[in-house]
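Those sequence lines, one after another, are chains Y and H. Under the working numbering, read the first sequence as residues 1 to 351, first letter to last. Under the working numbering, read the second sequence as residues 352 to 702, first letter to last.
2 protein chains.
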Amino acid sequence: MTEQPRVPVTIYDVAKAAGVAPSTVSRAFARPGRVNADTAARIRQVAHDLGYRAHPVTQAPVTAQTRLLALMISDVANPFYSQLIRGAQLAATEAGYEILLADSRESSTRERAALERLVPVVEGFVIGSSRMSDSALRTIAKQRPMVVLNRALIDVPSVVADNVSGAHAVVELLRDLGHDAATYVAGPEASWADGVRFRSLRDHGAHTGLTVSRIGPFLPTFEGGLAATRTLLEKLPSAVIAYNDLIALGVMHGLLREGVAVPEQVSVVGFDDILISRISLPTLTTVAAPMRQLGSTAVKNVVALINGARHRSTEALVMPVQLKVRGSTAQRSRKRVSPALGTTIVSGSSS
Amino acid sequence: MTEQPRVPVTIYDVAKAAGVAPSTVSRAFARPGRVNADTAARIRQVAHDLGYRAHPVTQAPVTAQTRLLALMISDVANPFYSQLIRGAQLAATEAGYEILLADSRESSTRERAALERLVPVVEGFVIGSSRMSDSALRTIAKQRPMVVLNRALIDVPSVVADNVSGAHAVVELLRDLGHDAATYVAGPEASWADGVRFRSLRDHGAHTGLTVSRIGPFLPTFEGGLAATRTLLEKLPSAVIAYNDLIALGVMHGLLREGVAVPEQVSVVGFDDILISRISLPTLTTVAAPMRQLGSTAVKNVVALINGARHRSTEALVMPVQLKVRGSTAQRSRKRVSPALGTTIVSGSSS
DNA sequence: TTGAAAGCGCTAACAT
DNA sequence: ATGTTAGCGCTTTCAA
Numbered sequence: 001m002t003e004q005p006r007v008p009v010t011i012y013d014v015a016k017a018a019g020v021a022p023s024t025v026s027r028a029f030a031r032p033g034r035v036n037a038d039t040a041a042r043i044r045q046v047a048h049d050l051g052y053r054a055h056p057v058t059q060a061p062v063t064a065q066t067r068l069l070a071l072m073i074s075d076v077a078n079p080f081y082s083q084l085i086r087g088a089q090l091a092a093t094e095a096g097y098e099i100l101l102a103d104s105r106e107s108s109t110r111e112r113a114a115l116e117r118l119v120p121v122v123e124g125f126v127i128g129s130s131r132m133s134d135s136a137l138r139t140i141a142k143q144r145p146m147v148v149l150n151r152a153l154i155d156v157p158s159v160v161a162d163n164v165s166g167a168h169a170v171v172e173l174l175r176d177l178g179h180d181a182a183t184y185v186a187g188p189e190a191s192w193a194d195g196v197r198f199r200s201l202r203d204h205g206a207h208t209g210l211t212v213s214r215i216g217p218f219l220p221t222f223e224g225g226l227a228a229t230r231t232l233l234e235k236l237p238s239a240v241i242a243y244n245d246l247i248a249l250g251v252m253h254g255l256l257r258e259g260v261a262v263p264e265q266v267s268v269v270g271f272d273d274i275l276i277s278r279i280s281l282p283t284l285t286t287v288a289a290p291m292r293q294l295g296s297t298a299v300k301n302v303v304a305l306i307n308g309a310r311h312r313s314t315e316a317l318v319m320p321v322q323l324k325v326r327g328s329t330a331q332r333s334r335k336r337v338s339p340a341l342g343t344t345i346v347s348g349s350s351s
Numbered sequence: 352m353t354e355q356p357r358v359p360v361t362i363y364d365v366a367k368a369a370g371v372a373p374s375t376v377s378r379a380f381a382r383p384g385r386v387n388a389d390t391a392a393r394i395r396q397v398a399h400d401l402g403y404r405a406h407p408v409t410q411a412p413v414t415a416q417t418r419l420l421a422l423m424i425s426d427v428a429n430p431f432y433s434q435l436i437r438g439a440q441l442a443a444t445e446a447g448y449e450i451l452l453a454d455s456r457e458s459s460t461r462e463r464a465a466l467e468r469l470v471p472v473v474e475g476f477v478i479g480s481s482r483m484s485d486s487a488l489r490t491i492a493k494q495r496p497m498v499v500l501n502r503a504l505i506d507v508p509s510v511v512a513d514n515v516s517g518a519h520a521v522v523e524l525l526r527d528l529g530h531d532a533a534t535y536v537a538g539p540e541a542s543w544a545d546g547v548r549f550r551s552l553r554d555h556g557a558h559t560g561l562t563v564s565r566i567g568p569f570l571p572t573f574e575g576g577l578a579a580t581r582t583l584l585e586k587l588p589s590a591v592i593a594y595n596d597l598i599a600l601g602v603m604h605g606l607l608r609e610g611v612a613v614p615e616q617v618s619v620v621g622f623d624d625i626l627i628s629r630i631s632l633p634t635l636t637t638v639a640a641p642m643r644q645l646g647s648t649a650v651k652n653v654v655a656l657i658n659g660a661r662h663r664s665t666e667a668l669v670m671p672v673q674l675k676v677r678g679s680t681a682q683r684s685r686k687r688v689s690p691a692l693g694t695t696i697v698s699g700s701s702s
């Protein structure tokens, strides 16, 4: 491939070089039939030589709406978003919109840059998960209709999963299984859900006799969970609650690799209920949120905003969650593990 | 939320209604400082009452390039694309572009609609996987620089994984393990890779003494694999090769659920090497393609095209693949399965 | 078949 | 602080 200097070439340049009127050039491209075949051929030749490219934006009638919506998420590779994306797509299709997926890759800088670049192009935003500050988010919200997911933001319509109830259910499950302490493996610090989950776990735990400590932050990925295992092994808890399923799965694998039995020695709980959690071995106990609904609700709301609806309530819309009890949690064992050796020693229960 | 009739309101409407000049309205929004606070407030009020929305496209200086690239894939939820997307994003960031992800959800109609909507907005296309016809794809390629992945398309630059060699390696592996027949579980018919994989398997199998039959098409998902299991159980082969890992995983689980041991009774092979394949039980033998490189190479090429490079070679760029032999394949057993009962019976080898 | 000219909705000089 | 005016790159009447 040979590079050429990049100076935007317009139809005027082409017209001049080809000795025709700009409108003829326009027609040559836009409605091929309406122009003399020879003229058209010559124009195309000249255009090609000049390196002409139709301008991305003005090409379409400037009055046209783009019917494009942007959905911003922090990592497309995270299966957690699959259903959310599906829901959003479904609702968008129904409303005659197309969803453009933007991926911040867990970086607030990238997120902001992408958002800013999209403002002139899309009619509205759905923020699936943001790593930006509330105020930065509000700045964008001022420019285009926006709905935020997984974060409660004053003055911007938001839809969140009921993380508080989910955390309470987890605490109660573990208590019922005889655990009296658990370690929370934290995800990204900029994640709103992370904060809510840990605080809810800790506070409700304090009320009901489950001491929840925290390690992290870790990347919200399988690798992140693997990394967390090292810390966990230093002082192995009988129960681990992870920020999300991917971390939980990583932890589970990390533990199994070290010879620690899950759930016999350590119970593991996640959040999200992604596909793998249903097919891993053991299957993962997790808090399932109605991701698909979250996505479609959000899109319906932006579309309503675009159509002139007004946002009223200052409260976030809360969607119910469900605790899926599966194979990775079990009655607390009376055994204690010496992780370095991977052997087990019998002991009384400790606080 | 209250809906309102949708008649595009411009700054001129607002200006007239507020008794000011259009430019004042423009400034009130674009440059808040430069306008009397009272006037600005009044304008905002009027604008709001009229349901004014900044026009998505003309808002930015019309001369600006969008610096946006579209990446079209057939299913964002398929982890197969994760690395491809990453590669594309990395290369795009480096070139100062933003990647917009578009998802056809396995539908050529949706794909075409999305592509057409994106033409005026993006500077170039990377088609990660297409369900459209070659000619339909070429139509879009005429309007914007385009690079196609996973499909060889004459006149349009394309980058493909070396499916042929991958298939050959699979055939040889299975032969070496003593198998003399295998069933290929097909994916989407519109998938170019599907055709190449099956033909390569069948042809190379014919040469080396592995009879490859085909069932399908099935959805390229875990559920698709589960569905395929039913057909497979009717006449259980000693080896299954799936269009992709997701199907392979579905098949594996479907078989295990029915009491068929993998790999003892049936060997299973996939294509792609997605994350789960490394952590499933058993781990999955699969053909790994350099997805990340595919993505970044494609993006580098569109960017070059945008910058005026010319596409020359009519051949697709072929990237090497690697067979990862893992836990789901084993020496062919002498036992035969009576799948309906889930029991095993000893028998001699059969053709 | 082709040219001239008028916009599309908005921003940015340049005036006032 | 605000109004006037000239474009942005392209398409589209309207004439010729």
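All C-beta atoms in this analysis are idealised placements derived from N, C-alpha and C, irrespective of residue type, glycine included.
Continuous alpha helix (DSSP H) stretch holding residue i: start and end
| i | result |
| --- | --- |
| Y:K16 | 11-18 |
| Y:L219 | Taken as a continuous stretch (DSSP letters only), Y:L219 belongs to no alpha helix (DSSP H), as it is neither H nor E. |
| Y:T329 | Unbroken run through Y:T329: none, as it is neither H nor E. |
| H:V547 | 543-559 |
| H:A464 | 459-469 |
| Y:A186 | Unbroken run through Y:A186: none, as it is neither H nor E. |
| Y:L149 | It is not in any alpha helix (DSSP H) - Y:L149 instead sits in the beta strand (DSSP E) that spans 146-149. |
| H:D485 | 485-494 |
Spatially closest choice to residue i from the options, by CA coordinates
| i | options | result |
| --- | --- | --- |
| Y:A355 | Y:W192, Y:P157, Y:A242, Y:S158 | For chain Y, the structure presents residues 1 to 351; residue 355 of chain Y sits outside this window and is missing. |
| H:R661 | H:A590, H:A392, H:D624, H:R495 | H:R495 |
| H:R404 | Y:G96, Y:G124, Y:A206 | Y:G124 |
| Y:Q265 | Y:R278, Y:F271, Y:V240 | Y:V240 |
| H:Y432 | H:S679, H:N658, H:N501 | H:N501 |
| H:P671 | H:S484, H:H530, H:D513 | H:D513 |
| H:V515 | H:G538, H:Q673, H:R565 | H:Q673 |
| H:R418 | Y:R292, Y:L50, Y:E116 | Y:E116 |
| H:E449 | Y:R214, Y:D176, Y:L118, Y:A169 | Y:L118 |
| Y:T221 | Y:A28, Y:F271, Y:F29 | Y:F271 |
| H:P407 | H:L451, H:R456, H:P471 | H:P471 |
| Y:A92 | H:R461, H:N429, H:L441 | H:R461 |
| Y:G250 | Y:R175, Y:S191, Y:G187 | Y:G187 |
| Y:A330 | Y:T285, Y:I306, Y:I140, Y:G96 | Y:T285 |
| Y:S313 | Y:D203, Y:N301, Y:I306 | Y:N301 |
| H:T409 | H:A421, H:N595, H:A381, H:E445 | H:A381 |
| Y:V156 | Y:V170, Y:A169, Y:A141 | Y:A141 |
| Y:A114 | Y:S328, Y:E315, Y:L71, Y:G19 | Y:L71 |
| Y:S108 | Y:L100, Y:A136, Y:A95 | Y:A136 |
Range covered by the beta strand (DSSP E) that runs through residue i
| i | result |
| --- | --- |
| Y:S213 | 211-215 |
| H:V477 | 475-478 |
| H:A453 | 449-454 |
| Y:S158 | 158-161 |
Same chain, Cβ closer than 6 angstroms to residue i, five either side skipped, listed in chain order
| i | result |
| --- | --- |
| Y:G295 | L84, G87, A88 |
| Y:A167 | R197, S200, L201 |
| H:I362 | P373, V376, S377 |
| Y:R175 | T208, L210 |
| Y:K16 | none |
Residues near residue i in its chain [Cβ-Cβ closer than 8 angstroms; skip 5 each side]
| i | result |
| --- | --- |
| Y:H179 | L210, S238, A239, S267, R332 |
beta-carbon residue i near the ligand SAH non-hydrogen atom, thresh 8 angstroms
| i | result |
| --- | --- |
| Y:V156 | In terms of ligand content, the structure shown is empty, and the ligand SAH therefore cannot be addressed. |
Same chain, Cβ closer than 7 angstroms to residue i, neighbours up to 5 away in sequence not counted
| i | result |
| --- | --- |
| Y:V337 | In this predicted model, Y:V337 has a pLDDT of only 45, less than 50, meaning its place in the structure is not dependable; the value taken from the coordinates is given anyway. Contacts found: L236, V260, Q265, T344. |
| Y:L305 | G124, P145, H311 |
(request) Starting from the N-terminal side, write out each stretch of the beta strand (DSSP E) that is 3 residues or longer and does not extend beyond the region 593-678 of chain H. (result) Counting only runs of 3 or more, we get 618-623, 636-639, 668-670, 673-675.
(message) At a CB distance below 8 angstroms, what residues from the region 253-267 of chain Y approach chain H? Give them in sequence order.
(response) Listed in chain order, the positions of the region 253-267 of chain Y with a beta carbon within less than 8 angstroms of a beta carbon of chain H are H253.
(message) Residues of the region 55-74 of chain Y in Cβ contact with chain H at a cutoff of 7 angstroms, in chain order, please.
(response) Against chain H - using a Cβ distance shorter than 7 angstroms - the residues of the region 55-74 of chain Y are P56, V57, T58, Q59, A60, V62, Q65, T66, R67, L68.
(request) Ignoring anything shorter than 3 residues or poking outside the region 18-86 of chain Y, list the beta strand (DSSP E) runs there in chain order. (result) Listed in chain order, the complete beta strand (DSSP E) runs (minimum 3 residues) inside the region 18-86 of chain Y are 68-73.
(request) For the region 443-471 of chain H, enumerate the residues whose C-beta is nearer than 8 angstroms to any C-beta of chain Y, in chain order. (result) Against chain Y - using a Cβ distance shorter than 8 angstroms - the residues of the region 443-471 of chain H are T444, E449, I450, L451, L452, A453, D454, R456, R461, A464, A465, R468, L469, V470, P471.
(message) To be precise: take each residue of the region 216-230 of chain Y, compare its Cβ to all Cβ atoms of chain H, and keep it if any distance is under 8 angstroms. Which residues remain?
(response) So the list reads F222, given in the order they occur along the chain.
(request) Could you please tell me which residues of the region 281-293 of chain Y, in chain order, have their CB closer than 7 angstroms to any CB of chain H? (result) Taking 7 angstroms as the Cβ-Cβ cut-off against chain H, the residues of the region 281-293 of chain Y that qualify are L281.
(request) Residues of the region 197-210 of chain Y with a CB closer than 8 angstroms to any CB of chain H: list them in chain order, please. (result) Answer in chain order: no residues at all.
(request) Below 7 angstroms between beta carbons is the criterion; list the residues of the region 26-52 of chain Y that meet it against any residue of chain H, in chain order. (result) Listed by position along the chain: G51.
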